[in-house]
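Enquirer: So in my numbering, the last spot in the sequence shown is 732, and the numbers never skip.
Where is the CB? At the ideal position from N, CA and C, for every residue including glycine.
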Amino acid sequence: MNGAVLLLIASAAFLAGYFIYAKLIERKLGVDPSIPTPAHTKKDGVDFIPAHPTVLFGHHFAAIAGAGPIVGPVLAAEFGWASVVLWIVLGCIFIGAAHDMISLFLSVRHGGESIGSVIGTILGRPGKMLFLLFSWSALVLVVSEFTRQIAGTFVADPAIATASLLFIGEAILFGLCVNKWKMSVLWSSLFFVPLMFAFVWIGNLYPLDLTKWGFAPESVRMIWTIVLLVYCFFASTCPVWILLQPRDYLNAYLLYAMMGLGFIGVFVAHPMLTTDAFAGFSAVGRSGATDLLFPFLFVTVACGACSGFHALVASGTSAKQLDNERGIRPIAYGGMLLEGVLATIALIGVAGTYASQKDYVTAIQGMEPVQMFASTIAGFCVKFFTTIGLSAETGKRIAESFMLLSVSAFLMTTVDAGTRLARFSWQELVSSIPGKSKAKGVAYNMYFGTLIVVLLAAGLLLGATETSKQLWTIFASANQLLAALTLLAATLWFVKNRKPCWMTAVPMVFMMGVSSIALGTLLWKSFTGERIDWVKGGATGFLLTLAVILVVFAVRAASKRREDA
168 MNGAVLLLIA SAAFLAGYFI YAKLIERKLG VDPSIPTPAH TKKDGVDFIP AHPTVLFGHH
228 FAAIAGAGPI VGPVLAAEFG WASVVLWIVL GCIFIGAAHD MISLFLSVRH GGESIGSVIG
288 TILGRPGKML FLLFSWSALV LVVSEFTRQI AGTFVADPAI ATASLLFIGE AILFGLCVNK
348 WKMSVLWSSL FFVPLMFAFV WIGNLYPLDL TKWGFAPESV RMIWTIVLLV YCFFASTCPV
408 WILLQPRDYL NAYLLYAMMG LGFIGVFVAH PMLTTDAFAG FSAVGRSGAT DLLFPFLFVT
468 VACGACSGFH ALVASGTSAK QLDNERGIRP IAYGGMLLEG VLATIALIGV AGTYASQKDY
528 VTAIQGMEPV QMFASTIAGF CVKFFTTIGL SAETGKRIAE SFMLLSVSAF LMTTVDAGTR
588 LARFSWQELV SSIPGKSKAK GVAYNMYFGT LIVVLLAAGL LLGATETSKQ LWTIFASANQ
648 LLAALTLLAA TLWFVKNRKP CWMTAVPMVF MMGVSSIALG TLLWKSFTGE RIDWVKGGAT
708 GFLLTLAVIL VVFAVRAASK RREDA
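1) Which class does A419 belong to by DSSP, given the choice of helix, strand or coil?
2) Which runs of the alpha helix (DSSP H) fall wholly inside the region 519-588 and span at least 4 residues, in chain order?
3) Is the Cβ-Cβ distance between A650 and A478 less than 8 angstroms?
4) Thinking C-beta only, is L572 closer than 8 angstroms to I289?
5) Report the option in G432, D214 and Y614 whose CA atom is closest to the CA atom of C399.
6) Which stretch, first to last residue, makes up the beta strand (DSSP E) that contains L459?
7) Beta-carbon separation of A338 and G370 under 8 angstroms?
8) Pull up the CB-CB distance for L509 and M426, whole angstroms please, since I reckon it's below 8 angstroms.
9) Report the CB separation of G263 from S474 in whole angstroms; it is logged as a contact under 8 angstroms.
10) Cutting at 6 angstroms between CB atoms, please list the residues of its own chain near A230, excluding the five before and the five after it.
11) Buried or exposed: where does L175 fall if 16 or more other Cβ atoms within 10 Å of its Cβ makes it buried?
12) Taking the DSSP output, what are the residues bridged to S449?
13) Along the chain, where does the alpha helix (DSSP H) that runs through P674 open and close?
14) Taking the alpha helix (DSSP H) that L472 falls in, what are its first and last residues?
15) For a minimum of 4 consecutive residues, which ranges assigned as the alpha helix (DSSP H) are wholly contained in the region 226-261?
16) In chain order, which continuous runs of the alpha helix (DSSP H) of length 4 or greater are located wholly inside the region 171-204?
17) May I ask which residues mark the beginning and end of the alpha helix (DSSP H) holding D214?
18) Buried or exposed: which applies to G519, given that a residue is buried once 16 or more other Cβ atoms fall within 10 Å of its Cβ?
19) Which residues in the same chain as L460 place their Cβ atom closer than 6 angstroms to its Cβ, once the five residues preceding and following it in sequence are excluded?
20) When burial is assigned at 16 or more other CB atoms within 10 Å of the CB, is N664 buried or exposed?
21) Give the range of the alpha helix (DSSP H) segment to which V309 is assigned.
22) Over the uninterrupted alpha helix (DSSP H) stretch that includes P361, give me the two end residues.
23) My guess is that V468 and I255 are in contact by the Cβ rule of under 8 angstroms, so how many angstroms apart are they, rounded?
24) In this structure, how does DSSP classify M268 when only helix, strand and coil are distinguished?
25) If I measure Cβ to Cβ from P220 and keep anything under 7 angstroms in the same chain, skipping five residues before and after, which residues do I get?
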């Protein structure tokens with residue numbers, strides 16, 4: 168099949184979902200632009216602050232995108248491109264985007280509180296605390312996994328480190344211009360967006376190669392890991408308008424440019440998809456082991472089709488900055504669909520580059536997924552660059568470098584947003600504990616809550632080398648289970664308010680089954696292999712236990728409500 172045709176079909180399906188299914192959800196929810204949002208009613212200038220719709224979309228999209236829609240489809244291609252694209256398209260429209268939109272709506276209607284607080288109104292304090300503990304644990308995995316990927320990218324290409332650090336300084340200045348000095352978003356963007364692209368070029372001229380500063384090559388990854396975690400601590404405790412909001416807005420332009428370059432590459436190259444459309448109900452992938460199509464196709468694609476992390480972004484930061492409820496559909500549903508487009512481009516990259524499924528498997532076992540994405544899409548762009556006068560080699564190098572720099576920027580948005588969200592979950596969890604004490608006051612402190620997250624992430628990355636290599640599988644499974652629990656909360660809310668709940672109940676049952684089986688399989692393998700993996704087994708067992716208890720609480724609540732009715 169022609170990759171350009173596949174991309175057109177997927178894009179058309181996403182547009183239909185946005186204008187048909189999303190509008191149906193909007194009506195069922197009762198979205199009302201006349202109701203003031205928490206950004207206005209709770210405005211504090213730190214977390215609650217109304218944002219310009221385009222700025223908020225940029226923040227939201229950059230925060231949810233990260234490397235997930237790239238890494239997931241590239242890894243999942245082991246099952247065949249047709250299997251993956253079907254899940255991306257159907258999963259995005261009917262599960263992922265709906266999940267994001269409903270999460271944002273529920274948070275806005277509950278004063279900008281988290282999904283955990285919504286659960287608390289239905290299941291009481293124990294249910295709320297269990298969900299917050301689960302989401303907090305999942306966020307620690309998010310911070311760990313994406314920090315690992317950024318550090319690896321900085322090591323592989325030091326130019327990315329230079330550009331990323333320059334982006335941070337630029338974002339702070341942009342935030343001051345728009346929020347402190349009241350310059351217009353338009354004029355500020357006209358200056359800062361081109362400057363951001365110039366930093367990409369400067370990064371290539373002055374790569375931050377730590378080995379040239381006397382550091383041993385084997386120590387560089389650890390150094391970058393520590394630097395990134397320290398950055399996360401400070402970035403997640405400063406006011407949102409200083410760094411998080413403006414940096415995500417600016418980085419979104421990188422993401423748009425990267426997707427535009429991907430579109431150009433696919434439509435200029437017209438790649439034929441030469442790997443298997445369907446590789447069977449089991450396949451060999453990156454680890455060299457045999458993976459089952461069910462459930463691992465669905466959890467591996469992860470953010471490319473559905474992501475529980477998105478609910479935490481929507482209810483953790485986006486709901487606190489939403490200016491008007493009319494922005495719920497374009498920001499939440501539209502943002503997820505755009506992520507689905509990126510996932511489709513990433514899939515076409517690998518399926519249209521390698522001559523056979525065997526060649527793809529060989530490549531994925533020796534190359535990082537992000538590097539594979541950059542290389543394959545850059546290969547598609549060669550024809551475009553040659554038509555504008557560049558050599559094929561120069562064109563591919565420019566495109567590949569830009570792709571890697573862009574992905575790194577999005578990873579940065581994910582880790583600092585993830586750290587901030589983990590701090591929110593921690594503070595909500597602590598505030599849910601009955602009584603008052605000095606210890607509780609210390610634990611609630613935002614610096615203490617952030618430090619706990621950073622230290623645990625560091626422990627996973629630096630203290631358990633073998634487990635850190637498998638963080639994607641653990642993260643992806645926990646991420647999908649988090650989505651299932653969010654859909655469970657939404658279903659209970661619909662039932663409580665006597666609204667039809669099929670649009671959340673059906674996806675919830677499916678995602679609950681997929682993610683539970685995946686975590687159960689990982690738990691089994693942790694203790695039945697040649698070597699017991701206590702960290703991996705403990706993490707998966709802990710998450711699975713929390714989920715089971717939450718489901719029991721939900722079933723009891725639903726039964727009681729039915730009896731009362």
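Expert: The relevant details are as follows:
1) helix
2) 524-531 and 536-554
3) yes
4) no
5) Y614
6) T457 to L459
7) no
8) 6 angstroms
9) 7 angstroms
10) D415, V480, T580 and A584
11) exposed
12) L459
13) W669 to T695
14) The sequence given here places Ala at residue 472; Leu does not occur at that position. Per DSSP, A472 belongs to no alpha helix (DSSP H) and is neither H nor E.
15) 235-243 and 248-258
16) 189-196
17) Here D214 belongs to no alpha helix (DSSP H), and DSSP marks it neither H nor E.
18) buried
19) F246 and F448
20) exposed
21) I282 to A323
22) V352 to L372
23) 6 angstroms
24) helix
25) D490 and G494
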